[in-house]
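So this is what it looks like as structure tokens:
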């Protein structure tokens, strides 16, 4: 079987889809064109309001095999994906493709729809229970996974053709202008639905908060919207924040956080005018807190923090440590509320954030980014999709994007979780190639990618506990009990494809043989 | 010669361009596709900053025959169009096409460039001195005129292919994010450059106010920008406001204003929740002032005013008469400043405002719109492009768009100007077909389009001075001296094409025979 540039076996074809093997992080960024968007002039004087989701299916003519898209700004509080898919099931639709930007435990009903053939393939982040049954081979087709930036690119270039985009809108007017800033389910930004709204054949705004014309800013614009449906509730914003968006307080995480803050300091990045991204991991958030203390002491101010925004960043901004909050998604209600009233809290969309094929992404402006890992190997390849037992449980999020863009990409993670080593010889699956990873900070020390002499020198000059990554892997194995866990056993069948940002395939996920099954 | 749906002679072809005759205001709105936008991935770590406009020409490879585009947010204060075109001339470029969104007296240097062959055709509003020499046949090719909405449509659909878009940016960062809200040349919105930035092959931001990353909101986005050039000054914002944006105070205009306000009142539109647009004419602005008094008296509040925003609307908003200001361009410095700080002053772009091929335009939400006219005829056809002497002196602006969209489109104008009748048997050129014009208010009375029984009934019920438009035309002729002015004499050659919103041709402008010449 052919192997890609980092040695992963990539089949030539999966489920009728030709796979282009990954060639390197920056190789396949070639000029191209957007897919031509659909123009459908609205007839003058026509109302876009429909009484129900069911009417939206009827009016748009969505049928078997259609690709339906959803955004994840409401995260584990989203009510719209389940609501729309229940209608699809009631209407007896089969063979649908789900093109969500991410999926959460709340979307467990999707499992049944996969098992009964309502949904047969996915183009989108497959987290939690849905990922679990896909790994077990219960979906007829394949799950294609992309980073946030790559999803935007793929929609814009026509790799993903959306028949019906359903936009959960915390506030909208009857002509289709919508944003996420107010209403009972306010979620902050709404940009993950932007590419969908521009390129989908049919666009339906679903809102529980219909306001008089004109809702501004029109993050989702009337110029793209076919129909608007008013429902009782689009979800529960309290469930936006999940465990991963709380600052860590345990000793190990704090040790890692201290290491990460020390590394950033050693790199000379505690200074005026920097831009950074911290992700949602507890240790990352703790590290940012420590950096904040340093900044305060030295009287310096970051120019911007991008995220996934948490209440802690809003607090740091209030303390004068961050000039601008640049927000692609709010990770908690406090951040969502800040977007409405804080003049230095700006919303951007994932295209500007991370689309690798446009003329400039925000990630390229990051002085450093903290990222997590479920596994990292001695070539610095990082896995965030699968666990060591082979289960596909997480989406890519912005991992590939930040890693490829940030001037210093720092993985912040423990050497092991329970009896599973995290730093290891060979990751179960590769999400992000080692080429893009500059350093890893663990509770046992720091390893720096040999390609970054500059960073190594600075870290050593600051007397940081720098270790070879092979050494970290050894320690990890030791601490995890000294016995290498058995590798998962797979069938040949590919159930998931992990695309790199440019649409090439960095790895595939195969159907897992269940223990004893 | 073939005639279009309103009886105007339209040649089959002009200058190699096939002309589609106008079929009716709402006929040719067919589904279609956008032109595929160019994707050109920015190389990681590359700076977009260039030392000069000349370097931008060198880097982008703009050459003879290229189409260069500009926006008009700085109106008569714009310094960038002249600056860029001077560089083009110095570089010896020939046969360029100018695709500006509008042009002003300050752009008179363009005349010389037309006469020496640097510029040979235009796709954009041709006002003032440039229009004058085009009417006299001094440009080699043709001028194609479109409304603001149609310009956005034409760029999006590939009717206008821009090679180099130059964006005059009051504030920008080095990665290309820009808006018009701050800096020495703050002009408010910047949306007229949006379609250009998305669809042009090369996009150059020209700014006199370079700020640290990230300038938000990115009305012009880094995702589209190739280069950024810092210059000393992009223009003089004091010259944004021109004579047409001051409230009229003369007796005749006040009489017209009173008539317009009375008509709106008679139509039942002085009530809560309406949306309107007033344009920049002095009498319109005075009428809005009168309506404001009425609204105050009755304790009602408009939901939104759209414009071309003037300081008077900002004042009305402060007085509690307008909930939201929706802004496509600021007509004076006060309005531009308001956009930066007023949370209920929102910027939208001309696509949302008026592109007839998208799924919904703001103009469709207007309860009424006041528009001007240089001429209006007994079929309610309106001319805003040429004067009765045949000279092409004005752009279309949003005239066609508001007329086609607003629920009540009301022309506000005198019956004559000097010795020229304004209401007349047959307009010199048609910009907007009578089909879209619902009423005209003059100092001699009001005429209502026979197609609008509903309006006629209400106006009569309110005892307004309703007259037949033929009668108004007679009065106009009488007051203008009683002698019909001679019609302009033309050569056969077409020098200007007036497109309707959908790309069909509503009229052409022919080369004028100069008196005695």
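Residue numbers (my numbering), protein chains in the order written: chain A, 985 to 1501; chain B, 985 to 1501.
C-beta: ideal position from N, C-alpha, C; glycine also.
#1: For residue 1048 of chain B, which of B:1103, B:1096 and B:1025 has the nearest alpha-carbon?
#2: What runs of the beta strand (DSSP E), each 3 residues or longer, lie entirely inside the region 1100 to 1143 of chain B?
#3: Taking the alpha carbon of residue 1420 of chain A as the reference point, which residue from A:1365, A:1038 and A:1309 has its own alpha carbon closest?
#4: How should residue 1158 of chain B be labelled, buried or exposed, when 16 other C-beta atoms within 10 angstroms of its C-beta is the threshold for buried?
#5: The beta strand (DSSP E) with residue 1396 of chain B in it runs from where to where?
#6: Going by C-alpha to C-alpha distance, which of A:1258, A:1217, A:1469 and A:1004 sits closest to residue 1489 of chain A?
#7: At a Cβ cut of 8 Å, what residues of the region 1469 to 1493 of chain B count as close to chain A, listed as they run along the chain?
#8: By how many angstroms is the C-alpha of residue 1214 of chain A removed from the C-alpha of residue 1160 of chain A?
#9: For residue 1235 of chain A, name the three-state secondary structure that DSSP assigns.
#10: What distance in whole Å lies between the Cβ atoms of residue 1394 of chain A and residue 1352 of chain A, which are believed to be in contact at a cut-off of 8 Å?
#11: Any idea if residue 1503 of chain B is buried or exposed, counting beta-carbon neighbours within 10 angstroms, 16 or more meaning buried?
#12: Quick one: what does DSSP say residue 1441 of chain B is sitting in, helix, strand or coil?
#13: Does the distance from the CB of residue 1388 of chain B to the CB of residue 1028 of chain A come in under 9 Å?
#14: Determine, using beta carbons only, whether residue 1200 of chain A comes closer than 9 Å to chain B.
#15: What residue range does the alpha helix (DSSP H) around residue 1071 of chain A cover?
#16: Looking only at its chain, what residues have a beta carbon closer than 7 Å to the beta carbon of residue 1116 of chain A, apart from the 5 residues adjacent to it on each side?
#17: Pick out the complete beta strand (DSSP E) segments inside the region 1253 to 1341 of chain A, 3 residues or longer, and give them in chain order.
#18: Suppose the cutoff is 6 Å on Cβ atoms and the five residues either side in sequence are ignored; what does the same chain contact list for residue 1113 of chain A look like?
#19: Can you tell me whether residue 1044 of chain A is helix, strand or coil according to DSSP?
#20: If the cut is a Cβ gap below 7 Å, which residues of chain B does residue 1024 of chain A touch?
#21: Using a Cβ-Cβ cut-off of 9 Å, state whether residue 1335 of chain A counts as contacting chain B.
#22: Measuring CB to CB, does residue 1233 of chain B end up less than 9 Å from residue 1212 of chain B?
#23: Which residues, in chain order, does the region 1206 to 1219 of chain B contribute to contact with chain A at a C-beta distance below 9 Å?
#24: Put residue 1176 of chain B into one of helix, strand or coil per three-state DSSP.
#25: DSSP three-state label for residue 1501 of chain B, please.
#26: If contacts are defined as beta-carbon pairs under 8 Å, then residue 1106 of chain B and residue 1082 of chain B qualify, I think. What distance do you get, rounded to the angstrom?
#27: Helix, strand or coil: how does DSSP classify residue 1244 of chain A here?
#28: Comparing C-alpha positions only, which one of B:995, B:1396, B:1057 and B:1261 sits nearest to residue 1241 of chain B?
#29: Between residue 1210 of chain A and the rest of its own chain, which residues show a CB-CB distance below 6 Å, the 5 nearest in sequence each way excluded?
#30: What residues from chain B crowd round residue 1021 of chain A, counting only those whose CB sits closer than 7 Å?
#31: With burial defined as no fewer than 16 other Cβ atoms inside 10 Å of the residue's Cβ, what is the status of residue 1430 of chain A: buried or exposed?
#32: For residue 1403 of chain B, count the other beta carbons within 10 Å of its own beta carbon; 16 or more makes it buried, fewer makes it exposed. Which is it?
#33: Rounded to the nearest angstrom, what separates residue 1250 of chain A and residue 1445 of chain A at their Cα positions?
#34: So, for residue 1170 of chain B: in the same chain, excluding its five sequence neighbours on each side, which residues have a beta-carbon less than 8 Å away from its beta-carbon?
#35: Roughly how far, in whole angstroms, is the beta-carbon of residue 1467 of chain A from the beta-carbon of residue 1482 of chain A, given that I think they are within contact range, below 8 Å?
#36: If you draw a straight line from the alpha carbon of residue 1335 of chain B to that of residue 1454 of chain A, how long is it in whole angstroms?
In brief:
#1: The residue you call residue 1048 of chain B lines up with position 64 of the second chain. It is B:1103 whose Cα lies nearest to the Cα of residue 1048 of chain B.
#2: Taking only runs of at least 3 residues, the beta strand (DSSP E) segments lying wholly in the region 1100 to 1143 of chain B are 1103 to 1107 and 1127 to 1129.
#3: As a position in the first chain, residue 1420 of chain A is number 436, starting the count at 1. Ranking A:1365, A:1038 and A:1309 by Cα distance to residue 1420 of chain A puts A:1365 first.
#4: One-based indexing of the second chain puts residue 1158 of chain B at position 174. Result: buried.
#5: Within the second chain, residue 1396 of chain B is the residue found at index 412, counting from 1. Unbroken beta strand (DSSP E) run through residue 1396 of chain B: 1393 to 1396.
#6: Counted from its first residue, the first chain places residue 1489 of chain A at position 505. With distances taken between Cα atoms, residue 1489 of chain A lies closest to A:1004.
#7: Per Cβ criterion, the list is empty.
#8: Along the first chain, read from residue 1 onward, the residue named residue 1160 of chain A stands at position 176. Along the first chain, read from residue 1 onward, the residue named residue 1214 of chain A stands at position 230. Spanning the two alpha carbons is a distance of roughly 11 Å.
#9: Locating residue 1235 of chain A in the first chain gives position 251, where the first residue counts as 1. The answer is helix: DSSP assigns residue 1235 of chain A an H, G or I state.
#10: Here residue 1352 of chain A corresponds to residue number 368 of the first chain, with the count starting at 1. Here residue 1394 of chain A corresponds to residue number 410 of the first chain, with the count starting at 1. The beta-carbon separation of residue 1352 of chain A and residue 1394 of chain A, rounded to 6 Å, stays under the 8 Å limit for a contact.
#11: This structure gives no information on residue 1503 of chain B, because the portion of chain B shown stretches from 985 to 1501.
#12: Translated into positions along the second chain, residue 1441 of chain B becomes position 457. Three-state DSSP puts residue 1441 of chain B in a helix.
#13: Here residue 1388 of chain B refers to the residue found at position 404 when the second chain is read from its first residue. Here residue 1028 of chain A refers to the residue found at position 44 when the first chain is read from its first residue. With a cutoff of 9 Å on beta-carbon distance, residue 1388 of chain B and residue 1028 of chain A are scored as near each other.
#14: Translated into the one-based positions of the first chain, residue 1200 of chain A becomes position 216. Residue contact with chain B for residue 1200 of chain A: present (Cβ-Cβ distance below 9 Å to some residue of chain B).
#15: Within the first chain, numbered from 1, the residue matching residue 1071 of chain A stands at position 87. 1064 to 1074 is the span of the alpha helix (DSSP H), which, as asked, contains residue 1071 of chain A.
#16: The residue labelled residue 1116 of chain A in the question sits at position 132 within the first chain. For residue 1116 of chain A, where only same-chain residues beyond five positions count, the Cβ hits under 7 Å are 1375 and 1377.
#17: The region 1253 to 1341 of chain A contains these whole beta strand (DSSP E) runs: 1259 to 1261, 1286 to 1293, 1306 to 1314 and 1329 to 1331.
#18: The sequence position of residue 1113 of chain A within the first chain is 129, counting from 1. Excluding positions up to five away in sequence, the list reads 1092 and 1095.
#19: Looking up residue 1044 of chain A in the first chain gives position 60. Correct three-state label for residue 1044 of chain A: helix.
#20: Taking the first chain and counting its residues from 1, the one referred to as residue 1024 of chain A is at position 40. Proximity of chain B to residue 1024 of chain A at the Cβ level (cut-off 7 Å) is accounted for by 1015 and 1343, in chain order.
#21: Residue mapping note: residue 1335 of chain A aligns to position 351 of the first chain, counting from 1. Yes - at least one Cβ of chain B is within 9 Å of the one on residue 1335 of chain A.
#22: Residue 1233 of chain B sits at position 249 when you count from the first residue of the second chain. Residue 1212 of chain B sits at position 228 when you count from the first residue of the second chain. In this structure, residue 1212 of chain B does not lie closer than 9 Å to residue 1233 of chain B by Cβ.
#23: Legend: CB atoms of the region 1206 to 1219 of chain B lying less than 9 Å from CB atoms of chain A belong to residues 1206, 1207, 1208, 1209 and 1210.
#24: Mapped onto the second chain, residue 1176 of chain B falls at position 192. Residue state, collapsed to three classes: helix.
#25: On the second chain, residue 1501 of chain B is found 517 positions in, with the first residue counted as 1. For residue 1501 of chain B, the pLDDT reaches just 48, beneath the cut-off of 50, and the residue's location in the model is therefore unreliable, although a value from the coordinates is still provided. In this structure, residue 1501 of chain B counts as coil in the three-state DSSP scheme.
#26: As a working note, residue 1106 of chain B is residue 122 in the second chain. As a working note, residue 1082 of chain B is residue 98 in the second chain. Sure, about 5 Å apart at Cβ, within 8 Å.
#27: Position 260 of the first chain holds residue 1244 of chain A. Helix, per DSSP.
#28: On the second chain, residue 1241 of chain B is found 257 positions in, with the first residue counted as 1. Per the Cα distances, B:1396.
#29: On the first chain, position 226 is the one that residue 1210 of chain A refers to. Correct list, in chain order: 1186 and 1187.
#30: Along the first chain, one-based indexing puts residue 1021 of chain A at 37. By Cβ distance, chain B contributes 1017 and 1018.
#31: Locating residue 1430 of chain A in the first chain gives position 446, where the first residue counts as 1. With a threshold of 16 other beta carbon atoms within 10 Å, residue 1430 of chain A meets it and is buried.
#32: Residue numbering aside, residue 1403 of chain B sits at position 419 when the second chain is read from its first letter. The residue in question, residue 1403 of chain B, is exposed, as its Cβ has fewer than 16 Cβ neighbours within 10 Å.
#33: Within the first chain, the letter at position 266 stands for residue 1250 of chain A. Within the first chain, the letter at position 461 stands for residue 1445 of chain A. Approximately 8 Å, taken between the alpha carbons.
#34: Within the second chain, the letter at position 186 stands for residue 1170 of chain B. The beta carbon of residue 1170 of chain B sits closer than 8 Å to the beta carbons of 1154, 1155, 1164, 1221, 1317, 1320, 1321 and 1324 from its chain, once the five residues preceding and following it are set aside; these are given in chain order.
#35: Within the first chain, residue 1467 of chain A is the residue found at index 483, counting from 1. Within the first chain, residue 1482 of chain A is the residue found at index 498, counting from 1. Actually they do not touch by this definition, with Cβ atoms about 28 Å apart.
#36: For this step, residue 1335 of chain B is matched to residue 351 along the second chain. For this step, residue 1454 of chain A is matched to residue 470 along the first chain. Distance between the alpha carbons of residue 1335 of chain B and residue 1454 of chain A is about 56 Å.
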